[in-house]
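Visitor: Pasting a structure below so you can have a look.
Residue numbers (the UniProt record's numbering): 1 to 478.
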């Protein structure tokens, strides 16, 4: 709070604003150590909540046996219902964060995540477990929904690539490492200890949030400044210059429907979200196929089969660090060539490479697994897929943040909702599709759909600026 003292400026109409672009209260002007400490704790929690989406998968048979069920649909649902929580949570979390700030939402949802995780651990029947898994997913979606907005608060455009890569490391590694850890933990301690471990780890991270996190949203910071001005001066008319004339209820209503409007009405958000949804759905579909494929076709034991997920993780990490190093450097070079102009479209070229690697990885995995080629070959295919996934996913995140800045949380929420719905539902149809078509032709079908998405980055590189400048698609006009 001390850093904000002296930043109130009465603009003659009792509006509170920052004292210029160099005001130390603006999150982008904070010391690098503070900014990177916030990114570090965000990345850590962003690892744990996606970890929760997949760590339970290997112990599903054990859980079903305890509750006396042999339904494969319920077995898939108890895993994928968490992802449906990811779809529901952003619709409220994103607008609330833009109205009241990031910090309160992080604290509330982190505590909720711990409570619902403990409830999963003590569940006495399958219905109870499924319900609390959904609520666990709702709470866990916060760091993924508003994390990009926090990055936009803390860093200028030419610095965001490295920060986004660091923040995204957690969400990418979590679903990959989850099955590896879950297979060994459930085999030795039972499925309930999967949730107890998540509760213990998330509890420690929540304590770090309470100690280290500071509010980064300029809207929330100025609103607090205005409240302080009203209290110290006795003048009830002070308000933030970023607050509109709308009442809070009207502002919330406008904010809560903004992600849906963006998803439906913005060609940029619609195309980026659909691209992300397809590859995200593929990721979880592949995850559902690894266990039966490598156990039945290659004779892997239930505890060792979790290691098969590491191929995807290796490809993701290579791509992630490549993007983190290249993205900011590339955008600076392009801006120099264009007389210092920084365009969000400079983020998109890696998507072209990603769009090519995704279908290559799917085809290599599908046909080599169907023909039962040496086990390393299908895992290599998953590594190619992981590389393509990351090369596509990171530019999508960075592009949406650069384009929508103040409303980045809403844009990312729209993308999160759509990809979470696809990620939850596609695996339910995945195994029946593979049973009908086989791994080879099933993955060929998926690869062809991936090929159809390759033109998306080309189109946005060419026409993205026109779409951004078109008044019809401006967020603040909705």
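Note that the Cβ used here is the ideal one computed from N, Cα and C, for glycine as well. These numbers were taken from a predicted model, which means no experiment stands behind them.
Taking DSSP as the reference, what is the three-state secondary structure of residue 15?
Guide: strand
Visitor: Looking at the strands, I want to know which residues DSSP matches up with residue 240.
Guide: 16
Visitor: Any chance the region 168 to 183 sits against the region 381 to 398, with 3 or more Cβ pairs inside 8 Å?
Guide: yes
Visitor: May I have the straight-line CA-CA distance separating residue 293 from residue 369, to the nearest angstrom?
Guide: 7 Å
Visitor: Counting beta carbon pairs with one atom in the region 228 to 242 and one in the region 253 to 267, are three or more of them shorter than 8 Å?
Guide: Counting Cβ pairs under 8 Å, fewer than three are found: no touch.
Visitor: Sorted by chain position, which residues of the same chain lie with C-beta nearer than 6 Å to residue 178's C-beta, five sequence neighbours on each side aside?
Guide: 51, 54 and 55
Visitor: My guess is that residue 366 and residue 467 are in contact by the Cβ rule of under 8 Å, so how many angstroms apart are they, rounded?
Guide: That belief does not hold up - the Cβ atoms of residue 366 and residue 467 are roughly 35 Å apart, past 8 Å.
Visitor: Using the three-state DSSP reduction, which class does residue 106 fall into: helix, strand or coil?
Guide: Three-state DSSP puts residue 106 in a helix.
Visitor: Less than 9 Å separating the beta-carbons of residue 342 and residue 157?
Guide: yes
Visitor: Throw me the rounded Cβ distance for the residue 402 and residue 160 pair, which I believe falls under 8 Å.
Guide: Taking the Cβ atoms as the reference, residue 402 lies roughly 7 Å from residue 160, within the contact range of under 8 Å.
Visitor: In angstroms, rounded to a whole number, what distance separates the CA positions of residue 113 and residue 216?
Guide: 22 Å
Visitor: Should the region 71 to 86 be called in touch with the region 200 to 209, which here means at least 3 C-beta pairs below 8 Å?
Guide: no
Visitor: Assign residue 460 to one of two classes, buried (16 or more other C-beta atoms within 10 Å of its C-beta) or exposed (fewer than that).
Guide: Buried, because 16 or more other Cβ atoms sit within 10 Å of the Cβ of residue 460.
Visitor: Could you check how far apart the C-beta atoms of residue 418 and residue 273 are, in whole angstroms? I think they sit under 8 Å.
Guide: 4 Å
Visitor: Does DSSP put residue 213 in a helix, in a strand, or in coil?
Guide: coil
Visitor: Start and end of the alpha helix (DSSP H) containing residue 370?
Guide: 349 to 370
Visitor: If we call anything under 9 Å between Cβ atoms a contact, is residue 121 one with residue 47?
Guide: no
Visitor: By DSSP, does residue 293 sit in helix, in strand, or in coil?
Guide: helix
Visitor: Should residue 316 be labelled buried (16 or more other beta-carbon atoms within 10 Å of its own) or exposed?
Guide: By the Cβ neighbour-count rule, residue 316 is buried, with 16 or more other Cβ atoms within 10 Å of its own.
Visitor: Taking the alpha helix (DSSP H) that residue 421 belongs to, which residues open and close that run?
Guide: 408 to 452
Visitor: Classify residue 145 as helix, strand or coil using the three-state DSSP reduction.
Guide: helix
Visitor: For residue 210, tell me which candidate among 421, 307, 380 and 103 has the shortest Cα-Cα distance.
Guide: 103
Visitor: So the alpha helix (DSSP H) residue 298 belongs to, where does it begin and stop?
Guide: Looking at the DSSP string, residue 298 is not in any alpha helix (DSSP H), and its letter there is neither H nor E.
Visitor: On a Cα-Cα basis, can you pick out the residue from 353, 371, 377 and 399 that is closest to residue 455?
Guide: Of 353, 371, 377 and 399, the residue nearest in Cα terms is 353.
Visitor: Buried or exposed, going by whether 16 or more other CB atoms sit within 10 Å of the CB of residue 231?
Guide: Its Cβ having fewer than 16 others within 10 Å, residue 231 is exposed.
Visitor: Between which residues of its own chain and residue 72 is the CB-CB distance below 8 Å, once the five residues before and five after are set aside?
Guide: 431
Visitor: Do residue 473 and residue 266 have their C-beta atoms within less than 9 Å of each other?
Guide: yes
Visitor: What are the boundary residues of the alpha helix (DSSP H) that residue 68 is part of?
Guide: First-last for residue 68: undefined, no H or E at that position.
Visitor: What would DSSP say about residue 178, mapped onto helix, strand or coil?
Guide: Helix.
Visitor: Would you call the CB atoms of residue 285 and residue 446 closer than 9 Å?
Guide: yes
Visitor: Can you say whether residue 400 is buried or exposed, counting buried as having 16 or more other CB atoms within 10 angstroms of its CB?
Guide: That one is buried.
Visitor: Buried or exposed: residue 482, going by 16 or more other Cβ atoms within 10 Å of its Cβ?
Guide: Outside the shown range of the chain, which is 1 to 478, sits residue 482, and nothing can be said about it.
Visitor: Just to confirm my understanding: we take residue 334, look at its own chain, exclude 5 residues before and 5 after, and list those with CB closer than 6 Å. What are they?
Guide: 346
Visitor: Among 297, 397 and 448, which residue has its Cα nearest to the Cα of residue 373?
Guide: 297
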